[in-house]
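A.B. asks: If you read the protein sequences in the order shown, they are chains A and B.
Here my numbering is used: the first residue of the first sequence is 20, the next is one more, and so on.
Here my numbering is used: the first residue of the second sequence is 34, the next is one more, and so on.
All C-beta atoms in this analysis are idealised placements derived from N, C-alpha and C, irrespective of residue type, glycine included.
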Amino acid sequence: MTEVSQRPRTAESAAAVVTEFFDRYRAHDVDGMTDLCSINADFSYVPVEIWGKQRVLRGDGKVCTVGKPLWTGLIASFPNLSNTVHSVTSNDEGDVVAQVDVEGTQQLAWGLIAPAGRHYCEPHLFIFHVGADLLIDSIAAYWNDAGISQQLGHNEVD
Amino acid sequence: MTMTPTQTVQAFLDAFARHDVDAAIAVVDPQVSVTVHPFGLESSGADVLRGVLADLVRGFPDLMITVGRVITTGDVVTALFKAEGTQAAGYAGAINQEKHLDIDQAWRFVTGGGLITEVTAYWCQAQLYRRLAVKRYDEIAIA
Chain A
20 MTEVSQRPRT AESAAAVVTE FFDRYRAHDV DGMTDLCSIN ADFSYVPVEI WGKQRVLRGD
80 GKVCTVGKPL WTGLIASFPN LSNTVHSVTS NDEGDVVAQV DVEGTQQLAW GLIAPAGRHY
140 CEPHLFIFHV GADLLIDSIA AYWNDAGISQ QLGHNEVD
Chain B
34 MTMTPTQTVQ AFLDAFARHD VDAAIAVVDP QVSVTVHPFG LESSGADVLR GVLADLVRGF
94 PDLMITVGRV ITTGDVVTAL FKAEGTQAAG YAGAINQEKH LDIDQAWRFV TGGGLITEVT
154 AYWCQAQLYR RLAVKRYDEI AIA
């Protein structure tokens with residue numbers, strides 16, 4: 020049980036959990052990020068979709084099965100991955116909305132994008148829900164993936 | 034009586050959903066800050082936002098806005114919605130190929146005094162271009 024789970028859920032304590040989440044993300048502590056989430060936390064990275072010939076893979080599922088591998092892969096491909104939190108707003112129901120820039124320099128392939136040592140920085144909007152136990156039980160994120168592709172020198176719309 | 038932040042944004046979304054751009058802009062501060070990340074647009078003024086809405090309605094005359102969630106966190110209201118429609122005119126540089134669009138979006142509104150004072154829109158332009166059959170970001174108008 021984490022220290023934050025000892026406090027009652029308020030707008031402030033829910034926001035503190037999310038702030039800690041991004042601190043751990045910045046430190047590449049994926050296990051620590053996951054520890055802030057409930058075991059069955061929902062996960063949705065809306066722009067993530069990989070079109071195959073017969074199916075489309077989407078970035079939807081659970082933190083433990085989809086989110087954690089995505090975060091791990093992103094950090095492997097962008098070893099200096101970082102984030103800048105611009106705003107965090109929250110309410111007493113546990114909703115937390117965060118404006119965050121995510122950035123990094125590509126060293127390994129990411130999806131269909133070959134590594135060219137280029138840097139990207141893209142604004143993201145994260146929507147969290149923090150449960151009464153002060154664990155994150157839902158994460159969704161929106162951003163412009165075309166912006167990332169173009170900054171990395173990948174001009175094909177895959 | 035001044036509308037709450039939620040009511041203000043709901044009025045905007047309701048008007049947008051029925052393609053009534055004037056009614057949507059009626060709840061917007063004339064000096065509204067407008068950021069549309071997929072367009073790289075950072076500007077201010079109700080006419081800028083009017084242009085963003087009008088372009089979408091013109092490009093997709095059967096535009097349907099389906100609001101999934103409206104999240105109020107103080108004066109900030111975040112709306113998660115799906116925009117669907119069939120392209121009937123050029124949009125965001127993409128020529129009209131009569132393709133169907135469905136894009137999940139998140140718009141973050143800041144309100145004050147019953148008006149929207151700040152709008153920041155997030156969606157994925159890769160998803161948009163993929164659906165409109167654009168092949169390359171550096172040749173958007175070439176199908």
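Alpha carbon to alpha carbon, what distance is there between B/ILE58 and A/GLY136?
C.D. replies: The alpha-carbon atoms of A/GLY136 and B/ILE58 are separated by roughly 44 Å.
A.B. asks: Under 7 Å from any heavy atom of the ligand FMN, does the C-beta of A/SER32 make it?
C.D. replies: This structure simply doesn't include the ligand FMN, nor any ligand for that matter.
A.B. asks: Where does A/GLN170 fall in DSSP's three states?
C.D. replies: Three-state result, A/GLN170: helix.
A.B. asks: Which of the residues in the segment 142 to 162 of chain A, read from start to end, lie with their CB under 8 Å from any CB of chain B?
C.D. replies: Answer in chain order: PRO142, HIS143, LEU144, ILE146, ALA159, TYR161 and TRP162.
A.B. asks: Using CA coordinates, which residue listed in A/GLY78, A/HIS148 and A/ILE69 is at the minimum distance from A/SER32?
C.D. replies: Of A/GLY78, A/HIS148 and A/ILE69, the residue nearest in Cα terms is A/HIS148.
A.B. asks: For B/TYR124, which residues in chain A fall below 9 Å Cβ to Cβ?
C.D. replies: The contacting residues do not exist; B/TYR124 stays about 14 Å from chain A at best.
A.B. asks: For chain A, is any of its Cβ atoms less than 8 Å away from the one on B/ARG169?
C.D. replies: Cβ-Cβ to chain A under 8 Å: yes for B/ARG169.
A.B. asks: Would you check if the distance between the CB atom of A/ILE146 and the CB atom of A/ALA60 is smaller than 8 Å?
C.D. replies: Not a contact, by the Cβ cut-off of 8 Å.
A.B. asks: Does the beta-carbon of A/ASN174 have 16 or more other beta-carbons within 10 angstroms, so that it is buried, or is it exposed?
C.D. replies: A/ASN174 comes out exposed.
A.B. asks: Report yes or no: do the segment 139 to 156 of chain B and the segment 111 to 123 of chain B share at least 3 C-beta pairs separated by less than 8 Å?
C.D. replies: Short answer: they touch.
A.B. asks: Does the beta-carbon distance from A/TRP162 to A/HIS138 come in below 8 Å?
C.D. replies: For A/TRP162 and A/HIS138, no; Cβs fall outside 8 Å.
A.B. asks: Please report whether the beta-carbon of A/ASN110 lies at a distance below 8 Å from any beta-carbon of chain B.
C.D. replies: Closer than 8 Å: yes.
A.B. asks: Hey, is B/PRO160's beta-carbon within less than 8 Å of any beta-carbon in chain A?
C.D. replies: The residue asked about is misnamed: residue 160 of chain B is Gln in this sequence, not Pro. Yes, its Cβ sits closer than 8 Å to a Cβ of chain A.
A.B. asks: Quick one: measure Cβ to Cβ for A/ASN99 and A/ASP120, integer angstroms, because I've assumed they're closer than 8 Å.
C.D. replies: The Cβ separation is near 14 Å, so there is no contact.
A.B. asks: Please classify A/ILE69: is it buried, with 16 or more other beta-carbons within 10 angstroms of its beta-carbon, or exposed?
C.D. replies: It is exposed - the Cβ of A/ILE69 has fewer than 16 other Cβ atoms within 10 Å.
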